[in-house]
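Novice: Quick one: the structure is below, questions incoming.
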Amino acid sequence: MGHKLPALNSQQRRGERGVGLLHTNRQISLCRDYVLENNTVFYFYFLSFLTTTEFIFSSSVSQKYPPVKFLSEKDRKRILITGGAGFVGSHLTDKLMMDGHEVTVVDNFFTGRKRNVEHWIGHENFELINHDVVEPLYIEVDQIYHLASPASPPNYMYNPIKTLKTNTIGTLNMLGLAKRVGARLLLASTSEIYGDPEVHPQSEDYWGHVNPIGPRACYDEGKRVAETMCYAYMKQEGVEVRVARIFNTFGSRMHMNDGRVVSNFILQALQGEPLTVYGTGSQTRAFQYVSDLVNGLVLLMNSNISSPVNLGNPEEHTILEFARLIKSLVVSHSQIQFLAEAQDDPQRRRPDIRKAKMLLGWEPVVPLEEGLNKTIQYFSRELEHQANNQYIPKPKAARMKKGRPRHN
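Numbered according to UniProt numbering, the sequence shown terminates at residue 408, and the numbering increases by one at each position without gaps.
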């Protein structure tokens, strides 16, 4: 054959990935010339290999990740997050990745989005699995954050059976996994387990006031039975469980059209549409920013508290006050439109967080207006992105049959 590729000198062998790529490309170029000269048929197979190789090298160099701490093998945990591509789950993924842990995200993308975690794809500590938790999962982990479930009323009412399956069968599967591998499981429960409360504020020892057959029951009762399952597994099988009862949360990566009051009001105000208030607007809610919630979840997981803990903001506002606040922050001229009150809509909701304060040292720190301004900026960018990427169908071709449907 007689041809020999020149070796790289010591300077060219430096460990810098960018430099390595440049010299790898030089070697590939020499290989291309050699293969073309000696074997024309093989050249076409080589082109396929070359395209893949160049893509891999280019991706490895161009991909930039958020800064990640280095943890020793002893301190680094293998963590599973179900629903990790969703609103809260993706923010939890960010925190645990940046803290230096190995994170596996499992999501069926019913409400989660790949774009929420795409900035981690390719990182050696990150794995994304398209999987539905109603099917068993076999994986070795140290901790499980079980967040999988639709959480906004339109989503869980759209498919109530699926919501029930996720919160019952899905929870059983995750508890079974925790038992098999000796992992600790944190269940993301909800303030909805209190229903339309008759006690105010709601503490963890309040049993709730729930309509078991109402339109919200698939979610409310699904979470209630999920809590029951957790404590049954703890008592009978010795599984370590943590239960977070999460109150209203908002922030970036919320779906614009998920039907929650924050996303509804911000979107309507930005688009100059009427802000829809159901009933008189005297219902109260307490809103926490997503970063506060994520910090609370991590503290709870790593605590020795096995009983339920409320995670929410005790600062209470009426829905009407909240609508007016968002109008002023957006500087919107939208009107407020009053519609018929929704069935089983809780009239008052405010967490008693004394337990979280005392045992976790946790309380919300992000002021409401600061969190809302960040969320408004996010929604503005989303609307701009949506407008710039809107698909406009081409005009019909002259020979196209009338009445033929178009892809819109």
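Don't be surprised by glycine CBs; every beta carbon is placed ideally from N, CA and C.
These numbers were taken from a predicted model, which means no experiment stands behind them.
Tell me, please, whether the stretch 299-315 touches the stretch 351-363 by the rule of three or more beta-carbon pairs shorter than 8 angstroms.
Specialist: Yes, they touch.
Novice: On the DSSP letters alone, give me the boundaries of the alpha helix (DSSP H) that residue 76 sits inside.
Specialist: If you number the sequence shown from 1, residue 76 lands on position 76. It is not in any alpha helix (DSSP H) - residue 76 carries neither H nor E in the DSSP assignment.
Novice: By how many angstroms is the C-alpha of residue 219 removed from the C-alpha of residue 151?
Specialist: Position 151 of the sequence shown, counted from the start, is the residue given in the question as residue 151. Position 219 of the sequence shown, counted from the start, is the residue given in the question as residue 219. Rounded to whole angstroms, residue 151 to residue 219 spans 8 angstroms at the Cα level.
Novice: Could you compute how far the alpha carbon of residue 278 sits from the alpha carbon of residue 380?
Specialist: What you label residue 278 is simply residue 278 of the sequence shown in a count that begins at 1. What you label residue 380 is simply residue 380 of the sequence shown in a count that begins at 1. Taking the straight line from one Cα to the other gives about 25 angstroms.
Novice: For residue 189, I'd like the list of residues in its chain whose CB is within less than 8 angstroms of its CB, leaving aside the five on either flank, ordered along the chain.
Specialist: Here residue 189 is taken as the residue at index 189 of the sequence shown, counted from 1. Only 223, 226, 227, 243, 244, 245, 246 and 308 meet the Cβ criterion.
Novice: Just tell me which of 140, 349, 169 and 325 has its CA closest to the CA of residue 266.
Specialist: Residue mapping note: residue 266 aligns to position 266 of the sequence shown, counting from 1. Minimum Cα distance to residue 266 is reached at 325.
Novice: Please go through the same chain and pick out, in chain order, the residues whose beta-carbon is closer than 7 angstroms to the beta-carbon of residue 410, but skip the five residues on each side of it.
Specialist: In this structure the chain extends from 1 to 408, so residue 410 is not present and cannot be described.
Novice: Should residue 264 go down as buried or exposed, given a rule of 16 or more other Cβ atoms within 10 Å for buried?
Specialist: By one-based count along the sequence shown, residue 264 stands at place 264. It counts as buried.
Novice: Tell me the residue span of the beta strand (DSSP E) that contains residue 107.
Specialist: Walking along the sequence shown from the start, residue 107 turns up at place 107. Per DSSP, residue 107 belongs to the beta strand (DSSP E) from 102-107.
Novice: Does the stretch 76-89 come close enough to the stretch 287-299 that 3 or more CB-CB pairs lie under 8 angstroms?
Specialist: Yes, the stretch 287-299 is in contact with the stretch 76-89.
Novice: Just list the residues that DSSP pairs residue 336 with in beta bridges.
Specialist: For this step, residue 336 is matched to residue 336 along the sequence shown. Residue 336 is bridged to 275.
Novice: Do residue 136 and residue 173 have their CB atoms nearer than 9 angstroms?
Specialist: Looking up residue 136 in the sequence shown gives position 136. Looking up residue 173 in the sequence shown gives position 173. Their beta carbons are under 9 angstroms apart, which means residue 136 touches residue 173 by this criterion.
Novice: Would residue 389 be called buried (16 or more neighbouring beta carbons within 10 Å of its own) or exposed?
Specialist: Taking the first residue of the sequence shown as 1, we reach residue 389 at position 389. Classification of residue 389: exposed, given that the 10 Å Cβ count is below 16.
Novice: What number of angstroms, rounded off, separates the C-alpha of residue 234 from the C-alpha of residue 241?
Specialist: Sequence index remark: in the sequence shown, residue 234 carries index 234 (1-based). Sequence index remark: in the sequence shown, residue 241 carries index 241 (1-based). Taking the straight line joining both Cα atoms gives about 7 angstroms.
Novice: As a quick exercise: from 237, 328, 183 and 287, pick the residue whose alpha carbon is nearest that of residue 275.
Specialist: The count along the sequence shown starts at 1 and reaches residue 275 at position 275. Nearest of 237, 328, 183 and 287 to residue 275, Cα basis: 328.
Novice: Tell me the rounded alpha-carbon separation between residue 124 and residue 100.
Specialist: By one-based count along the sequence shown, residue 124 stands at place 124. By one-based count along the sequence shown, residue 100 stands at place 100. Cα to Cα, residue 124 sits roughly 11 angstroms from residue 100.
Novice: Beta-carbon within less than 8 angstroms of residue 301's beta-carbon, same chain only, minus the 5 sequence neighbours each way: which residues are those?
Specialist: Taking the sequence shown and counting its residues from 1, the one referred to as residue 301 is at position 301. Hits under 8 angstroms: 143, 145, 184, 186 and 242.
Novice: Quick test of your reading: residue 288 and residue 249, contact by CB under 8 angstroms. State the CB separation rounded to the nearest angstrom.
Specialist: Start at 1 with the first residue of the sequence shown, and residue 288 comes out as number 288. Start at 1 with the first residue of the sequence shown, and residue 249 comes out as number 249. At roughly 5 angstroms, the Cβ-Cβ gap stays under 8 angstroms, so residue 288 and residue 249 are in contact.
Novice: Can you name, in chain order, every residue of its own chain whose Cβ lies under 8 angstroms from the Cβ of residue 204, other than the five neighbours on each side?
Specialist: Residue mapping note: residue 204 aligns to position 204 of the sequence shown, counting from 1. Correct list, in chain order: 245, 307, 308, 309, 310, 352 and 355.
Novice: Counting C-beta neighbours from all protein chains within 10 Å, is the total for residue 182 16 or more, i.e. buried, or is it exposed?
Specialist: Within the sequence shown, numbered from 1, the residue matching residue 182 stands at position 182. Exposed.
Novice: Nearest to residue 81 by alpha carbon, out of 72, 71 and 112?
Specialist: As a first step, residue 81 is located in the sequence shown; it is residue number 81 there, counting from the start. Closest by alpha carbon: 112.
Novice: Go to residue 246, then tell me how far its alpha helix (DSSP H) extends in each direction, as first and last residue.
Specialist: Counting from 1 along the sequence shown, the entry for residue 246 is found at position 246. It is not in any alpha helix (DSSP H) - residue 246 instead sits in the beta strand (DSSP E) that spans 241-246.
Novice: In the structure shown, what three-state DSSP assignment does residue 113 receive?
Specialist: Counted from its first residue, the sequence shown places residue 113 at position 113. DSSP places residue 113 in coil when its eight states are reduced to three.
Novice: When you compare the CB positions of residue 94 and residue 128, do they come within less than 9 angstroms of one another, or not?
Specialist: Position 94 of the sequence shown, counted from the first residue, corresponds to residue 94. Position 128 of the sequence shown, counted from the first residue, corresponds to residue 128. Against a cut-off of 9 angstroms, the Cβ pair of residue 128 and residue 94 comes out as no contact.
Novice: Looking at the structure shown, is residue 143 part of a helix, part of a strand, or coil, going by DSSP?
Specialist: In the sequence shown, the residue the question calls residue 143 occupies position 143. In this structure, residue 143 counts as strand in the three-state DSSP scheme.
Novice: For residue 160 and residue 217, what's the separation of their Cα atoms in angstroms?
Specialist: Sequence index remark: in the sequence shown, residue 160 carries index 160 (1-based). Sequence index remark: in the sequence shown, residue 217 carries index 217 (1-based). Taking the straight line from one Cα to the other gives about 9 angstroms.
Novice: Report all residues from its chain with a CB closer than 7 angstroms to the CB of residue 157; omit the five preceding and five following residues, and keep chain order.
Specialist: Here the question's residue 157 lines up with position 157 in the sequence shown. Excluding sequence neighbours, residue 157 sits near 215.
Novice: Measuring alpha carbon to alpha carbon, tell me which residue in 319, 338, 262 and 343 is nearest residue 371.
Specialist: For the purposes of this step, residue 371 is identified with residue 371 of the sequence shown, where counting begins at 1. The residue with the shortest Cα to Cα distance from residue 371 is 262.
Novice: Which same chain residues end up closer than 8 angstroms to residue 320 when comparing Cβ atoms and leaving out the 5 residues on each side of it in sequence?
Specialist: Numbered from its first residue, the sequence shown carries residue 320 at position 320. Once the five neighbours on either side are set aside, the close Cβ partners of residue 320 are 277, 280, 281, 282 and 336.
Novice: Taking only beta-carbon positions, decide if residue 152 is within less than 9 angstroms of chain D.
Specialist: No chain D appears in this structure, which consists of one protein chain only.
Novice: Which full runs of the alpha helix (DSSP H) of 4+ residues lie inside the stretch 120-189, going along the chain?
Specialist: Those alpha helix (DSSP H) runs which fall completely within the stretch 120-189 and span 4+ residues are 153-158 and 160-181.
Novice: State the beta-bridge partners of residue 91 as determined by DSSP.
Specialist: Within the sequence shown, residue 91 is the residue found at index 91, counting from 1. Residue 91 pairs with nothing; no bridge assigned.
Novice: In three-state DSSP terms, what is residue 315?
Specialist: What you label residue 315 is simply residue 315 of the sequence shown in a count that begins at 1. Correct three-state label for residue 315: coil.
Novice: Where in the stretch 195-255 do unbroken runs of the alpha helix (DSSP H), each at least 4 residues long, occur, reported from the N-terminal end onward?
Specialist: Runs of the alpha helix (DSSP H) inside the stretch 195-255: 217-237.
Novice: If you reduce the DSSP assignment to three classes, tell me which class residue 304 lands in.
Specialist: Position 304 of the sequence shown, counting from 1, holds the residue named residue 304. Of the three classes helix, strand and coil, the one that applies to residue 304 here is coil, per DSSP.
Novice: Identify, in the order they occur along the chain, each residue of the same chain with its Cβ nearer than 7 angstroms to the Cβ of residue 252, setting aside the five sequence neighbours on each side.
Specialist: In the sequence shown, residue 252 corresponds to position 252, counting from 1. Hits under 7 angstroms: 374, 375 and 378.
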